[in-house]
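Remarks on the structure that follows.
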Amino acid sequence: MENGLYDVYQVKRYTRPFGKSSSEEKNIVESWTRFVTEFVPTYPIRRWNLVTPWNPTPERHSWMLNELTAGASIERDWLGRGTLDSWSADNQALADYFFGNGRSEMMELLASALNGAREIPEMSGTPVLDAVLAREQELARQLDAVDPYYRYEVVVRSGRLTESAIDQLSAVDRHAALVTFRELEGDCYQQVSIYPKCHESGRLRPISMTVSVDPTADEQALQAAHDMLAYGAEPDRPIPVNVIRSEGPPGAEASSGPALLYVMNVDQPVRPNLELRMGDRHLEFANIRTTRGFNGLQVSGDAQGGVFKVFITFHDGGRTREIAVETTPIGGKLPHVVVPGLEFLRDWTAGSAASLAIPHGKELLSFGTFPNADVFHAQASDWLKIAGHLIQLQSVASQQLVMPTTLTGAEAEGVFEAVRLLEGEIIESDWTGTQFQLGNQQALNACLESGPLFQFLSFLPFSVKYGGSTYQLEGVVANWGVAQLADPATANAVSVGDDVAIVPGPNAKLYRQRGLSGPPDLEPESR
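Just remember that the numbering used here sits 4 ahead of the position in the sequence shown, which is counted from 1.
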(Lines of atoms letter the chains of each structure in order from A and count residues from 1; the text may use other names and numbers.)
(Lines give C-alpha, C1' and ligand atoms only; values in the text may rest on other atoms or scores of the structure.)
Protein backbone atom coordinates (compact mmCIF):
# COMPACT_ATOMS: atom_id res chain seq x y z
CA MET A 1 0.00 0.00 0.00
CA GLU A 2 1.41 3.42 -1.00
CA ASN A 3 -0.23 6.85 -0.66
CA GLY A 4 -3.48 5.14 0.25
CA LEU A 5 -3.47 3.02 -2.94
CA TYR A 6 -3.19 -0.77 -3.03
CA ASP A 7 -0.91 -3.00 -5.08
CA VAL A 8 -2.66 -6.33 -5.70
CA TYR A 9 -0.74 -9.54 -6.50
CA GLN A 10 -2.62 -12.35 -8.26
CA VAL A 11 -0.42 -15.41 -7.60
CA LYS A 12 -0.60 -18.46 -9.89
CA ARG A 13 1.59 -21.50 -9.15
CA TYR A 14 1.64 -22.82 -12.72
CA THR A 15 4.91 -24.74 -13.23
CA ARG A 16 5.21 -24.01 -16.98
CA PRO A 17 3.88 -21.54 -19.58
CA PHE A 18 0.30 -22.18 -20.68
CA GLY A 19 -1.31 -22.11 -24.10
CA LYS A 20 -4.17 -20.12 -25.53
CA SER A 21 -7.65 -21.21 -24.35
CA SER A 22 -6.05 -23.54 -21.80
CA SER A 23 -7.60 -24.15 -18.39
CA GLU A 24 -4.84 -22.03 -16.85
CA GLU A 25 -5.71 -19.09 -19.09
CA LYS A 26 -9.41 -19.42 -18.27
CA ASN A 27 -8.57 -19.46 -14.58
CA ILE A 28 -6.59 -16.21 -14.91
CA VAL A 29 -9.49 -14.61 -16.81
CA GLU A 30 -11.87 -15.60 -14.00
CA SER A 31 -9.49 -14.15 -11.40
CA TRP A 32 -9.25 -10.84 -13.27
CA THR A 33 -13.04 -10.65 -13.67
CA ARG A 34 -13.55 -11.30 -9.95
CA PHE A 35 -10.95 -8.65 -9.12
CA VAL A 36 -12.71 -6.05 -11.31
CA THR A 37 -16.21 -6.78 -9.99
CA GLU A 38 -15.49 -7.40 -6.30
CA PHE A 39 -12.22 -5.71 -5.34
CA VAL A 40 -11.99 -2.57 -7.51
CA PRO A 41 -15.32 -1.04 -6.33
CA THR A 42 -14.23 -1.45 -2.71
CA TYR A 43 -10.56 -0.44 -2.55
CA PRO A 44 -8.46 2.28 -4.24
CA ILE A 45 -6.08 0.36 -6.54
CA ARG A 46 -2.76 1.53 -7.99
CA ARG A 47 -1.45 -1.64 -9.63
CA TRP A 48 -2.55 -5.21 -10.41
CA ASN A 49 0.26 -7.77 -10.73
CA LEU A 50 0.05 -11.29 -12.16
CA VAL A 51 2.72 -13.42 -10.44
CA THR A 52 4.07 -16.78 -11.73
CA PRO A 53 7.22 -18.78 -10.94
CA TRP A 54 8.48 -18.36 -14.54
CA ASN A 55 9.11 -15.35 -16.78
CA PRO A 56 6.34 -14.64 -19.33
CA THR A 57 7.06 -14.69 -23.06
CA PRO A 58 6.56 -11.42 -24.96
CA GLU A 59 3.37 -12.89 -26.47
CA ARG A 60 1.93 -13.80 -23.08
CA HIS A 61 2.87 -10.40 -21.61
CA SER A 62 1.17 -8.67 -24.56
CA TRP A 63 -1.94 -10.85 -24.07
CA MET A 64 -2.10 -9.78 -20.41
CA LEU A 65 -1.81 -6.06 -21.20
CA ASN A 66 -3.82 -5.78 -24.43
CA GLU A 67 -6.45 -8.50 -24.11
CA LEU A 68 -6.96 -9.64 -20.53
CA THR A 69 -6.79 -6.19 -18.91
CA ALA A 70 -7.54 -4.03 -21.96
CA GLY A 71 -9.19 -0.73 -21.07
CA ALA A 72 -8.15 -0.81 -17.40
CA SER A 73 -7.07 2.55 -15.99
CA ILE A 74 -4.77 1.10 -13.32
CA GLU A 75 -1.18 -0.04 -13.77
CA ARG A 76 -0.70 -3.73 -14.70
CA ASP A 77 2.36 -5.94 -14.76
CA TRP A 78 3.47 -9.59 -14.91
CA LEU A 79 6.07 -10.58 -12.31
CA GLY A 80 8.09 -13.72 -13.03
CA ARG A 81 11.13 -15.67 -11.83
CA GLY A 82 13.40 -12.65 -11.58
CA THR A 83 11.04 -10.93 -9.18
CA LEU A 84 10.67 -14.11 -7.11
CA ASP A 85 14.42 -14.43 -6.74
CA SER A 86 14.50 -10.89 -5.39
CA TRP A 87 11.62 -11.69 -3.03
CA SER A 88 13.42 -14.76 -1.74
CA ALA A 89 16.41 -12.66 -0.81
CA ASP A 90 14.23 -10.23 1.15
CA ASN A 91 11.52 -12.53 2.54
CA GLN A 92 12.07 -16.25 2.12
CA ALA A 93 8.89 -17.11 4.05
CA LEU A 94 6.71 -15.08 1.67
CA ALA A 95 8.11 -16.72 -1.47
CA ASP A 96 8.04 -20.19 0.09
CA TYR A 97 4.45 -19.72 1.24
CA PHE A 98 3.17 -19.11 -2.29
CA PHE A 99 5.59 -21.10 -4.46
CA GLY A 100 7.17 -23.69 -2.17
CA ASN A 101 5.66 -26.00 0.43
CA GLY A 102 5.27 -23.33 3.10
CA ARG A 103 1.51 -23.66 3.46
CA SER A 104 1.65 -27.45 3.69
CA GLU A 105 4.42 -27.26 6.26
CA MET A 106 2.42 -24.71 8.26
CA MET A 107 -0.63 -26.96 8.28
CA GLU A 108 1.49 -29.85 9.54
CA LEU A 109 3.07 -27.70 12.24
CA LEU A 110 -0.31 -26.43 13.44
CA ALA A 111 -1.68 -29.96 13.55
CA SER A 112 1.36 -30.92 15.62
CA ALA A 113 0.74 -27.99 17.95
CA LEU A 114 -2.91 -28.88 18.42
CA ASN A 115 -2.06 -32.49 19.20
CA GLY A 116 1.09 -31.79 21.18
CA ALA A 117 -0.53 -32.35 24.54
CA ARG A 118 -1.06 -36.01 23.67
CA GLU A 119 2.69 -36.57 23.39
CA ILE A 120 3.77 -35.40 26.83
CA PRO A 121 6.73 -37.51 28.05
CA GLU A 122 6.33 -39.94 30.91
CA MET A 123 7.48 -37.74 33.79
CA SER A 124 5.96 -35.52 36.46
CA GLY A 125 6.57 -32.28 38.34
CA THR A 126 8.79 -29.51 37.00
CA PRO A 127 10.40 -31.61 34.22
CA VAL A 128 7.07 -32.28 32.50
CA LEU A 129 6.12 -28.60 32.73
CA ASP A 130 9.44 -27.57 31.21
CA ALA A 131 9.01 -30.17 28.44
CA VAL A 132 5.52 -28.93 27.55
CA LEU A 133 6.57 -25.27 27.54
CA ALA A 134 9.65 -25.96 25.42
CA ARG A 135 7.57 -27.92 22.91
CA GLU A 136 4.91 -25.24 22.60
CA GLN A 137 7.47 -22.45 22.20
CA GLU A 138 9.34 -24.34 19.48
CA LEU A 139 6.13 -25.07 17.56
CA ALA A 140 5.11 -21.41 17.75
CA ARG A 141 8.56 -20.37 16.51
CA GLN A 142 8.35 -22.73 13.54
CA LEU A 143 4.85 -21.52 12.67
CA ASP A 144 6.12 -17.94 12.69
CA ALA A 145 8.92 -18.91 10.33
CA VAL A 146 6.65 -20.28 7.59
CA ASP A 147 3.64 -17.90 7.77
CA PRO A 148 4.45 -14.49 6.22
CA TYR A 149 1.26 -12.87 7.51
CA TYR A 150 0.65 -14.10 11.06
CA ARG A 151 2.58 -15.19 14.11
CA TYR A 152 1.35 -17.77 16.62
CA GLU A 153 1.34 -18.17 20.38
CA VAL A 154 0.39 -21.62 21.69
CA VAL A 155 -0.09 -22.19 25.42
CA VAL A 156 -1.59 -24.91 27.60
CA ARG A 157 -3.58 -23.69 30.63
CA SER A 158 -4.91 -25.57 33.62
CA GLY A 159 -8.66 -25.72 34.20
CA ARG A 160 -11.73 -26.50 32.15
CA LEU A 161 -13.52 -24.39 29.57
CA THR A 162 -17.02 -23.14 30.42
CA GLU A 163 -20.01 -22.82 28.11
CA SER A 164 -19.72 -19.02 28.02
CA ALA A 165 -17.02 -17.43 25.88
CA ILE A 166 -17.10 -14.40 28.19
CA ASP A 167 -15.40 -16.44 30.91
CA GLN A 168 -12.31 -16.73 28.69
CA LEU A 169 -12.25 -13.03 27.79
CA SER A 170 -9.72 -12.14 30.49
CA ALA A 171 -7.16 -14.44 28.82
CA VAL A 172 -7.61 -12.84 25.39
CA ASP A 173 -5.14 -10.23 24.13
CA ARG A 174 -7.14 -7.61 22.22
CA HIS A 175 -4.24 -7.21 19.77
CA ALA A 176 -4.73 -10.81 18.56
CA ALA A 177 -6.55 -11.26 15.26
CA LEU A 178 -8.04 -14.55 16.47
CA VAL A 179 -7.93 -16.66 19.64
CA THR A 180 -9.15 -20.25 19.77
CA PHE A 181 -9.62 -22.56 22.75
CA ARG A 182 -9.74 -26.36 22.78
CA GLU A 183 -10.17 -28.75 25.68
CA LEU A 184 -7.46 -31.37 26.13
CA GLU A 185 -7.40 -34.60 28.06
CA GLY A 186 -7.18 -34.04 31.79
CA ASP A 187 -7.86 -30.79 33.60
CA CYS A 188 -6.35 -28.43 31.00
CA TYR A 189 -7.08 -26.65 27.73
CA GLN A 190 -5.09 -25.15 24.89
CA GLN A 191 -5.15 -21.53 23.72
CA VAL A 192 -3.87 -20.51 20.28
CA SER A 193 -3.49 -16.76 19.64
CA ILE A 194 -2.89 -15.55 16.07
CA TYR A 195 -1.36 -12.07 15.62
CA PRO A 196 -0.99 -10.11 12.36
CA LYS A 197 2.63 -9.48 11.36
CA CYS A 198 1.80 -6.29 9.46
CA HIS A 199 -1.00 -3.78 9.05
CA GLU A 200 -2.17 -5.35 5.78
CA SER A 201 -2.24 -8.97 7.02
CA GLY A 202 -5.98 -8.83 7.50
CA ARG A 203 -6.55 -7.63 3.94
CA LEU A 204 -4.02 -9.81 2.16
CA ARG A 205 -4.99 -12.92 4.12
CA PRO A 206 -8.36 -12.11 5.69
CA ILE A 207 -9.89 -13.98 8.60
CA SER A 208 -13.62 -14.16 8.02
CA MET A 209 -16.66 -16.20 8.90
CA THR A 210 -20.06 -16.27 7.23
CA VAL A 211 -22.96 -17.02 9.56
CA SER A 212 -26.73 -16.83 9.42
CA VAL A 213 -28.92 -16.02 12.40
CA ASP A 214 -30.91 -19.02 13.60
CA PRO A 215 -34.54 -18.13 12.76
CA THR A 216 -35.77 -20.37 15.59
CA ALA A 217 -34.02 -18.24 18.25
CA ASP A 218 -36.20 -16.52 20.86
CA GLU A 219 -37.61 -13.04 20.27
CA GLN A 220 -35.04 -11.30 22.50
CA ALA A 221 -32.09 -12.88 20.64
CA LEU A 222 -33.57 -11.98 17.24
CA GLN A 223 -34.11 -8.39 18.38
CA ALA A 224 -30.51 -8.23 19.63
CA ALA A 225 -29.30 -9.49 16.24
CA HIS A 226 -31.41 -6.87 14.45
CA ASP A 227 -30.10 -4.00 16.60
CA MET A 228 -26.51 -5.17 16.08
CA LEU A 229 -26.84 -5.17 12.29
CA ALA A 230 -29.02 -2.06 12.07
CA TYR A 231 -27.20 0.18 14.57
CA GLY A 232 -24.06 -1.66 15.65
CA ALA A 233 -25.49 -2.10 19.14
CA GLU A 234 -23.64 -4.60 21.32
CA PRO A 235 -25.92 -7.60 21.99
CA ASP A 236 -26.65 -8.25 25.65
CA ARG A 237 -26.73 -12.01 25.04
CA PRO A 238 -25.14 -14.62 22.74
CA ILE A 239 -26.90 -14.91 19.38
CA PRO A 240 -27.66 -18.42 18.05
CA VAL A 241 -26.22 -18.68 14.52
CA ASN A 242 -25.31 -21.27 11.91
CA VAL A 243 -21.73 -21.19 10.60
CA ILE A 244 -21.83 -21.44 6.80
CA ARG A 245 -18.14 -21.09 5.99
CA SER A 246 -14.93 -19.58 7.33
CA GLU A 247 -11.50 -18.76 5.97
CA GLY A 248 -8.12 -17.62 7.18
CA PRO A 249 -4.74 -19.00 8.21
CA PRO A 250 -4.50 -22.51 9.66
CA GLY A 251 -6.33 -22.60 12.97
CA ALA A 252 -8.83 -19.94 11.94
CA GLU A 253 -11.22 -22.22 10.10
CA ALA A 254 -14.31 -23.17 12.10
CA SER A 255 -16.46 -26.20 11.42
CA SER A 256 -19.87 -25.48 9.92
CA GLY A 257 -22.99 -25.92 12.00
CA PRO A 258 -24.78 -24.28 14.95
CA ALA A 259 -22.82 -21.93 17.22
CA LEU A 260 -23.27 -19.05 19.67
CA LEU A 261 -22.04 -15.65 18.50
CA TYR A 262 -20.70 -13.30 21.20
CA VAL A 263 -20.13 -9.68 20.14
CA MET A 264 -18.19 -7.34 22.43
CA ASN A 265 -17.14 -3.77 21.64
CA VAL A 266 -13.79 -3.94 23.40
CA ASP A 267 -12.11 -1.07 21.50
CA GLN A 268 -14.46 1.83 22.25
CA PRO A 269 -12.53 5.12 22.49
CA VAL A 270 -12.66 7.08 25.73
CA ARG A 271 -15.10 9.99 25.42
CA PRO A 272 -15.66 12.87 27.86
CA ASN A 273 -18.68 12.55 30.12
CA LEU A 274 -21.84 14.51 29.41
CA GLU A 275 -24.77 15.16 31.73
CA LEU A 276 -28.48 14.51 31.88
CA ARG A 277 -30.32 17.69 32.81
CA MET A 278 -33.77 18.31 34.24
CA GLY A 279 -34.34 21.88 35.35
CA ASP A 280 -31.71 22.59 38.01
CA ARG A 281 -30.95 18.90 38.45
CA HIS A 282 -27.78 17.48 36.84
CA LEU A 283 -26.88 13.81 36.51
CA GLU A 284 -23.55 12.62 35.13
CA PHE A 285 -23.81 10.64 31.86
CA ALA A 286 -20.74 8.37 31.59
CA ASN A 287 -19.34 5.34 29.71
CA ILE A 288 -20.55 6.80 26.43
CA ARG A 289 -20.42 4.42 23.46
CA THR A 290 -21.13 5.16 19.81
CA THR A 291 -21.91 2.38 17.32
CA ARG A 292 -22.97 2.40 13.69
CA GLY A 293 -24.89 -0.13 11.61
CA PHE A 294 -26.60 -0.41 8.24
CA ASN A 295 -29.63 1.64 9.30
CA GLY A 296 -28.18 4.33 11.53
CA LEU A 297 -26.19 5.41 14.57
CA GLN A 298 -26.67 4.63 18.26
CA VAL A 299 -25.25 6.52 21.25
CA SER A 300 -25.58 4.99 24.72
CA GLY A 301 -24.35 5.77 28.20
CA ASP A 302 -24.86 5.15 31.92
CA ALA A 303 -26.59 7.54 34.28
CA GLN A 304 -24.77 8.43 37.49
CA GLY A 305 -25.08 5.71 40.10
CA GLY A 306 -25.70 2.94 37.57
CA VAL A 307 -29.50 3.09 37.93
CA PHE A 308 -30.37 3.28 34.24
CA LYS A 309 -28.94 3.49 30.72
CA VAL A 310 -30.06 5.77 27.91
CA PHE A 311 -29.97 4.72 24.23
CA ILE A 312 -30.24 7.40 21.54
CA THR A 313 -30.82 5.90 18.09
CA PHE A 314 -30.55 8.05 14.96
CA HIS A 315 -32.35 6.64 11.92
CA ASP A 316 -31.98 7.47 8.23
CA GLY A 317 -28.92 9.68 8.44
CA GLY A 318 -30.13 11.47 11.56
CA ARG A 319 -33.50 12.60 10.18
CA THR A 320 -35.37 10.76 12.94
CA ARG A 321 -34.34 9.63 16.41
CA GLU A 322 -35.57 7.39 19.19
CA ILE A 323 -34.86 7.57 22.94
CA ALA A 324 -34.94 4.38 25.00
CA VAL A 325 -34.25 3.83 28.70
CA GLU A 326 -33.18 0.57 30.30
CA THR A 327 -32.95 0.12 34.06
CA THR A 328 -29.87 -1.68 35.36
CA PRO A 329 -29.47 -3.86 38.47
CA ILE A 330 -28.67 -1.87 41.61
CA GLY A 331 -28.24 -4.81 43.99
CA GLY A 332 -25.09 -4.41 46.08
CA LYS A 333 -24.80 -0.65 45.46
CA LEU A 334 -24.73 1.86 48.31
CA PRO A 335 -28.13 3.49 48.91
CA HIS A 336 -26.85 7.08 48.78
CA VAL A 337 -25.13 6.34 45.44
CA VAL A 338 -28.34 5.31 43.66
CA VAL A 339 -30.60 8.02 45.11
CA PRO A 340 -29.78 10.76 42.52
CA GLY A 341 -30.47 8.40 39.62
CA LEU A 342 -33.70 7.11 41.16
CA GLU A 343 -34.92 10.66 41.84
CA PHE A 344 -34.13 11.67 38.25
CA LEU A 345 -35.93 8.64 36.82
CA ARG A 346 -38.93 9.17 39.12
CA ASP A 347 -39.39 12.80 38.06
CA TRP A 348 -38.68 12.11 34.37
CA THR A 349 -41.35 9.39 34.30
CA ALA A 350 -43.74 11.71 36.16
CA GLY A 351 -43.83 14.21 33.28
CA SER A 352 -40.74 16.40 33.65
CA ALA A 353 -38.66 17.03 30.51
CA ALA A 354 -35.00 15.93 30.34
CA SER A 355 -32.13 16.71 28.00
CA LEU A 356 -28.53 15.77 27.20
CA ALA A 357 -25.99 18.54 27.73
CA ILE A 358 -22.34 19.45 28.14
CA PRO A 359 -21.59 19.60 31.91
CA HIS A 360 -22.42 23.15 33.05
CA GLY A 361 -22.70 24.10 29.37
CA LYS A 362 -24.84 23.99 26.28
CA GLU A 363 -27.80 21.66 25.81
CA LEU A 364 -27.09 19.16 23.04
CA LEU A 365 -30.32 17.21 22.65
CA SER A 366 -33.79 17.49 24.15
CA PHE A 367 -35.34 14.21 25.29
CA GLY A 368 -38.66 15.71 26.29
CA THR A 369 -40.95 13.81 28.64
CA PHE A 370 -41.03 10.07 29.18
CA PRO A 371 -44.42 8.84 27.84
CA ASN A 372 -46.14 5.61 28.87
CA ALA A 373 -43.73 5.09 31.76
CA ASP A 374 -46.06 4.12 34.61
CA VAL A 375 -44.11 0.93 35.36
CA PHE A 376 -40.77 2.78 35.43
CA HIS A 377 -42.27 5.47 37.66
CA ALA A 378 -43.63 2.96 40.15
CA GLN A 379 -40.36 1.03 40.29
CA ALA A 380 -38.25 4.16 40.72
CA SER A 381 -40.55 5.45 43.48
CA ASP A 382 -40.53 2.13 45.36
CA TRP A 383 -36.76 1.68 45.20
CA LEU A 384 -36.24 5.30 46.18
CA LYS A 385 -38.25 4.68 49.37
CA ILE A 386 -36.16 1.60 50.15
CA ALA A 387 -32.93 3.53 49.59
CA GLY A 388 -34.15 6.30 51.88
CA HIS A 389 -35.08 3.82 54.61
CA LEU A 390 -31.69 2.10 54.44
CA ILE A 391 -29.92 5.46 54.68
CA GLN A 392 -31.87 6.17 57.88
CA LEU A 393 -31.04 2.75 59.35
CA GLN A 394 -27.35 3.14 58.47
CA SER A 395 -27.02 5.61 61.37
CA VAL A 396 -27.50 2.74 63.86
CA ALA A 397 -25.80 -0.03 61.88
CA SER A 398 -22.14 -0.99 62.27
CA GLN A 399 -22.29 -3.00 59.03
CA GLN A 400 -22.65 -1.34 55.61
CA LEU A 401 -26.23 -1.60 54.35
CA VAL A 402 -26.50 -2.13 50.58
CA MET A 403 -29.34 -2.15 48.08
CA PRO A 404 -30.95 -5.58 47.64
CA THR A 405 -31.14 -7.27 44.25
CA THR A 406 -34.76 -8.24 44.89
CA LEU A 407 -37.09 -7.53 47.78
CA THR A 408 -40.20 -9.42 48.88
CA GLY A 409 -43.22 -7.61 50.23
CA ALA A 410 -42.52 -8.95 53.72
CA GLU A 411 -38.89 -7.76 53.56
CA ALA A 412 -39.96 -4.29 52.40
CA GLU A 413 -42.44 -4.10 55.27
CA GLY A 414 -39.73 -5.20 57.71
CA VAL A 415 -37.41 -2.41 56.54
CA PHE A 416 -40.23 0.14 56.89
CA GLU A 417 -41.12 -1.08 60.39
CA ALA A 418 -37.47 -0.84 61.45
CA VAL A 419 -37.51 2.84 60.42
CA ARG A 420 -40.73 3.42 62.38
CA LEU A 421 -39.16 1.85 65.47
CA LEU A 422 -36.02 3.96 65.01
CA GLU A 423 -38.21 7.09 64.95
CA GLY A 424 -39.68 6.11 68.35
CA GLU A 425 -43.08 4.87 67.20
CA ILE A 426 -44.93 2.19 69.20
CA ILE A 427 -46.11 -0.30 66.59
CA GLU A 428 -49.39 -2.08 67.22
CA SER A 429 -50.09 -5.23 65.21
CA ASP A 430 -51.98 -8.49 65.17
CA TRP A 431 -50.05 -11.62 66.03
CA THR A 432 -50.70 -15.36 65.98
CA GLY A 433 -48.34 -16.73 68.57
CA THR A 434 -44.75 -17.17 69.65
CA GLN A 435 -42.68 -19.02 72.18
CA PHE A 436 -40.19 -18.08 74.87
CA GLN A 437 -37.70 -19.89 77.04
CA LEU A 438 -38.94 -20.17 80.61
CA GLY A 439 -36.60 -18.38 83.01
CA ASN A 440 -38.76 -18.01 86.16
CA GLN A 441 -41.25 -20.79 86.82
CA GLN A 442 -42.62 -19.17 89.99
CA ALA A 443 -43.48 -15.97 88.10
CA LEU A 444 -45.37 -17.99 85.48
CA ASN A 445 -47.33 -19.87 88.13
CA ALA A 446 -48.21 -16.61 89.87
CA CYS A 447 -49.53 -15.14 86.61
CA LEU A 448 -51.75 -18.15 86.01
CA GLU A 449 -53.31 -18.15 89.52
CA SER A 450 -55.78 -15.42 88.54
CA GLY A 451 -56.80 -17.05 85.24
CA PRO A 452 -55.48 -18.20 81.87
CA LEU A 453 -54.59 -14.69 80.64
CA PHE A 454 -51.36 -12.96 81.60
CA GLN A 455 -49.23 -10.06 80.47
CA PHE A 456 -45.79 -10.67 79.00
CA LEU A 457 -42.77 -8.55 78.16
CA SER A 458 -39.83 -9.72 76.05
CA PHE A 459 -36.80 -8.10 74.48
CA LEU A 460 -35.30 -8.86 71.08
CA PRO A 461 -32.20 -7.47 69.40
CA PHE A 462 -32.98 -4.63 66.98
CA SER A 463 -32.26 -5.89 63.45
CA VAL A 464 -33.46 -5.80 59.85
CA LYS A 465 -33.48 -8.75 57.46
CA TYR A 466 -33.51 -8.64 53.66
CA GLY A 467 -31.75 -10.23 50.72
CA GLY A 468 -30.86 -13.33 52.72
CA SER A 469 -28.86 -11.34 55.32
CA THR A 470 -29.63 -10.06 58.80
CA TYR A 471 -28.16 -6.68 59.80
CA GLN A 472 -27.83 -5.98 63.51
CA LEU A 473 -28.79 -2.45 64.61
CA GLU A 474 -28.11 -0.58 67.84
CA GLY A 475 -30.70 -1.06 70.59
CA VAL A 476 -33.34 -3.61 71.48
CA VAL A 477 -37.04 -4.01 70.71
CA ALA A 478 -39.46 -4.48 73.59
CA ASN A 479 -42.47 -6.71 72.80
CA TRP A 480 -45.48 -6.84 75.09
CA GLY A 481 -49.12 -7.86 75.13
CA VAL A 482 -51.75 -10.12 76.70
CA ALA A 483 -51.37 -13.86 76.03
CA GLN A 484 -52.35 -17.33 77.16
CA LEU A 485 -50.66 -20.69 76.98
CA ALA A 486 -51.15 -22.46 73.67
CA ASP A 487 -51.65 -25.66 75.68
CA PRO A 488 -52.89 -25.03 79.27
CA ALA A 489 -51.79 -28.56 80.24
CA THR A 490 -48.15 -27.53 79.90
CA ALA A 491 -48.42 -25.20 82.92
CA ASN A 492 -47.51 -27.98 85.36
CA ALA A 493 -45.22 -29.85 82.95
CA VAL A 494 -42.61 -27.24 82.09
CA SER A 495 -39.47 -26.34 83.96
CA VAL A 496 -36.82 -23.64 83.72
CA GLY A 497 -35.12 -23.72 80.32
CA ASP A 498 -38.06 -25.24 78.44
CA ASP A 499 -39.70 -23.49 75.47
CA VAL A 500 -43.25 -22.33 76.23
CA ALA A 501 -45.69 -21.62 73.37
CA ILE A 502 -48.17 -18.75 73.83
CA VAL A 503 -51.01 -17.33 71.71
CA PRO A 504 -52.84 -13.97 71.88
CA GLY A 505 -55.60 -13.40 74.36
CA PRO A 506 -59.05 -12.41 73.01
CA ASN A 507 -58.65 -9.37 70.70
CA ALA A 508 -55.15 -8.85 72.11
CA LYS A 509 -52.58 -6.89 70.10
CA LEU A 510 -48.79 -7.04 70.06
CA TYR A 511 -46.92 -3.85 70.90
CA ARG A 512 -43.31 -3.12 69.95
CA GLN A 513 -41.01 -0.24 70.79
CA ARG A 514 -37.27 0.33 70.38
CA GLY A 515 -35.10 1.10 73.36
CA LEU A 516 -31.40 1.64 73.83
CA SER A 517 -31.04 -1.38 76.10
CA GLY A 518 -32.99 -4.13 77.82
CA PRO A 519 -32.53 -5.91 81.16
CA PRO A 520 -28.91 -6.45 82.25
CA ASP A 521 -29.11 -10.20 81.59
CA LEU A 522 -30.48 -9.81 78.03
CA GLU A 523 -28.99 -12.35 75.66
CA PRO A 524 -29.04 -12.27 71.83
CA GLU A 525 -32.20 -14.41 71.85
CA SER A 526 -35.62 -13.42 73.14
CA ARG A 527 -36.39 -13.50 76.82
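C-beta atoms are modelled at their ideal positions from N, C-alpha and C, and glycine is treated no differently.
Considering only the alpha carbon of each residue, which of Ala-493, Tyr-475, Thr-474 and Gly-479 lies closest to Phe-463?
Gly-479
Is Met-407 helix, strand or coil by DSSP?
coil
Hey, out of Tyr-47, Lys-30 and Ile-49, whose CA is closest to Met-68's CA?
Lys-30
Would you check whether the ligand MN has a heavy atom nearer than 7 Å to the C-beta of Arg-350?
By its list of ligands, the structure shown contains no ligand whatsoever, and the ligand MN lies outside what it can speak to.
Using a 10 Å radius around the Cβ and a threshold of 16 neighbouring Cβ atoms, would you call Arg-516 buried or exposed?
buried
If the criterion is Cβ atoms closer than 8 Å, does the pair Trp-52 and Val-12 meet it?
yes
CB Leu-394 to CB Arg-518, shorter than 8 Å?
no
Is the distance from the Cβ of Leu-338 to the Cβ of Ala-384 below 8 Å?
no
If Met-282 sits next to Trp-352, beta carbons under 8 Å apart, how far is it from one beta carbon to the other, in whole angstroms?
6 Å
Which residue marks the beginning of the beta strand (DSSP E) containing Val-33, and which one marks its end?
Counting along the chain, Val-33 falls outside any beta strand (DSSP E), though it belongs to the alpha helix (DSSP H) covering 27-38.
Looking at the secondary structure, which residues open and close the beta strand (DSSP E) in which Met-282 lies?
278-282
So who's on the other strand from Lys-313, going by DSSP bridges?
Asp-306 and Glu-330
Just the Cα atoms here: how many angstroms apart are Glu-42 and Thr-184?
Distance between the alpha carbons of Glu-42 and Thr-184: 30 Å.
6 Å Cβ shell around Leu-226 - same chain, five flanking residues per side excluded
none
Can you tell me whether Ser-212 is buried or exposed? The criterion is at least 16 other CB atoms within 10 Å of its CB, across all chains shown.
By the 10 Å Cβ count, Ser-212 comes out exposed.
Measuring only the C-alpha atoms, how far is Leu-54 from Asp-177?
Within the model, the alpha-carbon separation for Leu-54 versus Asp-177 is close to 37 Å.
Considering only residues of the stretch 454-507, which uninterrupted beta strand (DSSP E) runs meet the minimum length of 3 residues and lie entirely inside it, listed in chain order?
458-470 and 473-489
Using only CA atoms, which one of Leu-405, Lys-313 and Lys-469 lies nearest to Ala-414?
Lys-469
Between Phe-460 and the rest of its own chain, which residues show a CB-CB distance below 6 Å, the 5 nearest in sequence each way excluded?
Ala-487
To which residues of the same chain is Arg-20 closer than 8 Å at the C-beta, ignoring the five residues directly before and after it?
So the qualifying residues of the chain are Trp-58.
Residues near Thr-56 by beta carbon distance below 7 Å, same chain, minus five either side:
Lys-16, Tyr-18 and Gly-84
Have a look at Leu-9 and Ile-362 and give me their C-alpha separation to the nearest angstrom.
40 Å
Unbroken alpha helix (DSSP H) run spanning Lys-374, endpoints
One detail in the question is off: residue 374 reads as Phe in this sequence, not Lys. Premise fails: Phe-374 is in no alpha helix (DSSP H) and is neither H nor E.
So, with DSSP's three-state summary, where would you put Glu-204?
coil
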